[in-house]
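So the sequence lines, in the order shown, correspond to chains A and B. The C-terminal residue of the first sequence carries number 257 in my numbering, and the numbering is unbroken. The C-terminal residue of the second sequence carries number 1186 in my numbering, and the numbering is unbroken. C-beta: ideal position from N, C-alpha, C; glycine also.
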Amino acid sequence: MEKRPDALLLKFAGTNCDEETARALRAVGFEAEIMPFPLVTQERIEQADLVVLAGGFSYGDYIMAGKLAQLELQQKLGSPLKTFHEHGGFLLGICNGFQILMRLGLLPEGSLIHNVNGRFICRWVGLEQASTDSLYLAQLPATFELPIAHAEGRFVAPEGQSATYREQGHVALTYVEDVNGSEERIAGIQDASRRVFGLMPHPERFLYREHHCDPDWAGDAEWGWGYFFFKSIHDAIVLKRETTKQEASA
Amino acid sequence: MTQLQFEIVNRYAREKSCNELLYAPLESALRARETRGYRVEFSGEVSALRAFTHDVLTDSVSETVSEGEQAALSGYRFYIDVSLKPGCLDLEKEYILRFYGELEEPGFTLENLTVFHRYYLLGDDPVPSERFVKDLCNPVIHTWNVINA
């Protein structure tokens, strides 16, 4: 039997969405392992198909959200992660994981700062796909909804860059309305390879249809949009594996 | 040993009503802004400390660093520097020290670090600082310093 795609979730002090994310990954067919950051090795990263930085408040959000985790990650595993990515690995950052990923330099340059209203925002938001080639959004409709919960989710980039990112297809996901002051209403960004993806909304919090805020939600009979988000990654990894295998045998 | 102070200003942060710092509102037109600061006692290369500050304590996209004792912002009536008392667990300081401790060749020796938050009250309204100190500072755990314009 074909080995299931392997997802490795890095857990920092303060990461608190790892269990829900692992559950969502397993539901779509991944083997998912949550590993405390100090135990993660280069060898373990090399085994993985997908490295996930889940949501939470790593290191208490001190200095600014994701900064200390990024420094630790950069110092200990910066080079292995870069190699992992160069060799075709997938990286996903959700909420605090997006903040870490953003500062790691694996996504187009930018930052996630305090929401424009200065407050923590916890609500459902409408989202729309802003690019047509996202591997992570392939099975989702053009517009859909997910919950957000963050204080530092306002995307900013060096002057004029956000519009350029949109033109270049780096902007994968935008808010339907301005919820936190993000430039270009950016909610999710992808790199040039499309294998690195970060987003502020929480797909793992809408795995089952019962998770929706509206009990009469007219979507799938069993699954929420989060399921289709993770299923998209799963299928992209399986497809990549098959393509690699075919190329090797040709 | 040398002492150097860095103030980090978020260039996207906007002035807000001073009442956002208070439990009960004042009838005042004073505006408020917050920055954060690091007072470092060190020996060794100043350039290495500056690089550490830029790389570790600052976000290059959204923040600027101001070095020295002078306030980074102008137009204030007063500002209040708030930090934790020595002996209180300051997790931000501990995480920074731990990261510093893991550096192989930092180029400087970090002797002491004080993390503080600076609250600027901007405008001309003659509002006494005591009201803000009362709501922003807890005398059990905080030390503070009020600097008038």
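Exercise. Indicate whether at least one CB of chain B lies closer than 8 Å to the CB of E159 (chain A).
Key: Residue numbering aside, residue 159 (chain A) sits at position 152 when the first sequence is read from its first letter. No, no contact with chain B.
Quiz item: Is it true that the stretch 221–228 of chain A meets the stretch 1049–1067 of chain B, where meeting means three or more beta-carbon pairs spaced less than 8 Å apart?
Solution: no
Quiz item: Given that a residue counts as buried once 16 or more other Cβ atoms are within 10 Å of its Cβ, and exposed if not, what is H94 (chain A)?
Solution: Position 87 of the first sequence, counted from the first residue, corresponds to residue 94 (chain A). Exposed: under 16 other Cβ atoms inside 10 Å.
Self-check item: Proximity of E40 (chain A) and R212 (chain A) at Cβ, strictly below 8 Å
Solution: As a position in the first sequence, residue 40 (chain A) is number 33, starting the count at 1. As a position in the first sequence, residue 212 (chain A) is number 205, starting the count at 1. For E40 (chain A) and R212 (chain A), no; Cβs fall outside 8 Å.
Quiz item: Should N1047 (chain B) be flagged as near chain A, meaning a C-beta pair shorter than 8 Å?
Solution: Here residue 1047 (chain B) corresponds to residue number 10 of the second sequence, with the count starting at 1. N1047 (chain B) counts as touching chain A.
Quiz item: So what's E27 (chain A) in DSSP terms, helix, strand or just coil?
Solution: For this step, residue 27 (chain A) is matched to residue 20 along the first sequence. If DSSP states are grouped into helix, strand and coil, E27 (chain A) belongs with the helices.
Practice problem: State the Cα-Cα distance for the pair G1124 (chain B) and T1151 (chain B), rounded to the nearest angstrom. | Solution: Position 87 of the second sequence, counting from 1, holds the residue named residue 1124 (chain B). Position 114 of the second sequence, counting from 1, holds the residue named residue 1151 (chain B). The alpha-carbon atoms of G1124 (chain B) and T1151 (chain B) are separated by roughly 12 Å.
Practice problem: Let me know the secondary structure DSSP gives S65 (chain A) once reduced to three states. | Solution: Indexing the first sequence from 1 puts residue 65 (chain A) at position 58. It is helical.
Exercise. Name the residue from B:F1136, B:K1171, B:L1121 and B:A1066 whose alpha carbon lies nearest to the alpha carbon of T1090 (chain B).
Key: Taking the second sequence and counting its residues from 1, the one referred to as residue 1090 (chain B) is at position 53. Nearest option by C-alpha distance: B:F1136.
Quiz item: How far does the beta strand (DSSP E) with A39 (chain A) in it reach, from first residue to last?
Solution: Within the first sequence, numbered from 1, the residue matching residue 39 (chain A) stands at position 32. Per DSSP, A39 (chain A) belongs to the beta strand (DSSP E) from E38 to P43.
Practice problem: Could you spell out the range, first to last residue, of the alpha helix (DSSP H) harbouring I107 (chain A)? | Solution: What you label residue 107 (chain A) is simply residue 100 of the first sequence in a count that begins at 1. Run containing I107 (chain A): N103 to L111, per the alpha helix (DSSP H) assignment.
Practice problem: Return no unless some Cβ of chain B is closer than 8 Å to the Cβ of A164 (chain A). | Solution: Walking along the first sequence from the start, residue 164 (chain A) turns up at place 157. Cβ-Cβ to chain B under 8 Å: yes for A164 (chain A).
Quiz item: Got a sec: is the Cβ-Cβ distance from S86 (chain A) to anything in chain B below 8 Å?
Solution: Residue mapping note: residue 86 (chain A) aligns to position 79 of the first sequence, counting from 1. Answer no: the Cβ-Cβ gap between S86 (chain A) and chain B never drops below 8 Å.
Quiz item: Considering only residues of the stretch 1059–1115 of chain B, which uninterrupted beta strand (DSSP E) runs meet the minimum length of 3 residues and lie entirely inside it, listed in chain order?
Solution: 1068–1081 and 1100–1104
Quiz item: Counting Cβ pairs closer than 8 Å, one from the stretch 1145–1160 of chain B and one from the stretch 1107–1126 of chain B, do we hit at least three?
Solution: yes
Practice problem: Could you spell out the range, first to last residue, of the beta strand (DSSP E) harbouring T1039 (chain B)? | Solution: Residue numbering aside, residue 1039 (chain B) sits at position 2 when the second sequence is read from its first letter. Unbroken beta strand (DSSP E) run through T1039 (chain B): T1039 to N1047.
Quiz prompt | 8 Å contact criterion, which G36 (chain A) and G104 (chain A) should meet: CB distance rounded | solution = Position 29 of the first sequence, counting from 1, holds the residue named residue 36 (chain A). Position 97 of the first sequence, counting from 1, holds the residue named residue 104 (chain A). No, G36 (chain A) and G104 (chain A) are not in contact; Cβ-Cβ is about 21 Å, not under 8 Å.
Quiz item: Is the number of C-beta pairs between the stretch 182–195 of chain A and the stretch 113–132 of chain A that are closer than 8 Å three or more?
Solution: yes
Quiz item: With 16 other CB atoms within 10 Å as the buried threshold, where does G205 (chain A) fall?
Solution: Here residue 205 (chain A) is taken as the residue at index 198 of the first sequence, counted from 1. By the 10 Å Cβ count, G205 (chain A) comes out buried.
Practice problem: Measure the alpha-carbon distance for L60 (chain A) versus F44 (chain A) and round it to whole angstroms. | Solution: On the first sequence, position 53 is the one that residue 60 (chain A) refers to. On the first sequence, position 37 is the one that residue 44 (chain A) refers to. When rounded, the distance between both Cα atoms is 10 Å.
Quiz item: Where do the ends of the alpha helix (DSSP H) carrying K1171 (chain B) lie?
Solution: If you number the second sequence from 1, residue 1171 (chain B) lands on position 134. Taken as a continuous stretch (DSSP letters only), the alpha helix (DSSP H) holding K1171 (chain B) covers E1167 to L1173.
Quiz prompt | Interfacial residues, the stretch 1078–1094 of chain B to chain A, with Cβ spacing under 9 Å | solution = D1092, V1093 and L1094
Quiz prompt | Contact set between Y66 (chain A) and chain B, taken where Cβ atoms lie within less than 7 Å | solution = Numbered from its first residue, the first sequence carries residue 66 (chain A) at position 59. Here the neighbours are Y1132.
Quiz item: Closest by CA to W232 (chain A), which one among A:Q146, A:Q106 and A:L99?
Solution: Counted from its first residue, the first sequence places residue 232 (chain A) at position 225. Selected option, being the one with the closest Cα: A:Q146.
Quiz item: Do we get a CB-CB distance below 8 Å when we pair E191 (chain A) with the residues of chain B?
Solution: Translated into the one-based positions of the first sequence, residue 191 (chain A) becomes position 184. Chain B, which has no Cβ nearer than 8 Å to the Cβ of E191 (chain A), makes this no.
Quiz item: At a Cβ threshold of 8 Å, is L147 (chain A) touching chain B?
Solution: Working through the first sequence from its first residue, we reach residue 147 (chain A) at position 140. No, L147 (chain A) does not count as interfacial toward chain B.
Exercise. Figure out for me which residue from A:T250, A:I193, A:A255 and A:F97 has the closest Cα to the Cα of F237 (chain A).
Key: One-based indexing of the first sequence puts residue 237 (chain A) at position 230. The shortest Cα separation from F237 (chain A) among A:T250, A:I193, A:A255 and A:F97 belongs to A:F97.
Quiz item: Is L80 (chain A) buried or exposed, if buried means 16 or more other CB atoms sit within 10 Å of its CB?
Solution: In the first sequence, counting from the first residue as 1, residue 80 (chain A) sits at position 73. By the neighbour-count rule (16 or more Cβ atoms within 10 Å), L80 (chain A) is buried.
Quiz item: Since K1053 (chain B) meets chain A, which of its residues come closer than 8 Å, beta carbon to beta carbon?
Solution: By one-based count along the second sequence, residue 1053 (chain B) stands at place 16. Ordered by position in chain A, the residues that pass the 8 Å Cβ test against K1053 (chain B) are G125.
Quiz item: What is the DSSP secondary structure of P154 (chain A), counted as helix, strand or coil?
Solution: Along the first sequence, one-based indexing puts residue 154 (chain A) at 147. P154 (chain A) falls in the strand class under three-state DSSP.
Quiz item: Do the stretch 104–118 of chain A and the stretch 1168–1185 of chain B make contact, defined as three or more Cβ pairs closer than 8 Å?
Solution: no
Practice problem: State the DSSP-derived secondary structure class of V35 (chain A), mapped to helix, strand or coil. | Solution: Reading the first sequence from its first residue, position 28 is the one you call residue 35 (chain A). Helix, per DSSP.
Practice problem: Give the residues of chain B in contact with G117 (chain A), contact being defined as C-beta atoms less than 8 Å apart. | Solution: Within the first sequence, numbered from 1, the residue matching residue 117 (chain A) stands at position 110. Going along chain B in sequence order, the residues near G117 (chain A) (Cβ under 8 Å) are V1098.
Quiz item: Taking DSSP as the reference, what is the three-state secondary structure of Q136 (chain A)?
Solution: By 1-based counting over the first sequence, the position of residue 136 (chain A) is 129. Q136 (chain A) falls in the strand class under three-state DSSP.
Quiz item: Taking C-alpha atoms, which residue in B:V1177, B:E1142, B:T1039 and B:R1070 lies nearest to G1105 (chain B)?
Solution: Within the second sequence, the letter at position 68 stands for residue 1105 (chain B). Among B:V1177, B:E1142, B:T1039 and B:R1070, the Cα nearest to that of G1105 (chain B) is on B:T1039.
Quiz item: Exposed or buried, which one is D223 (chain A) when buried takes at least 16 other CB atoms within 10 Å?
Solution: Position 216 of the first sequence, counted from the start, is the residue given in the question as residue 223 (chain A). The residue in question, D223 (chain A), is exposed, as its Cβ has fewer than 16 Cβ neighbours within 10 Å.
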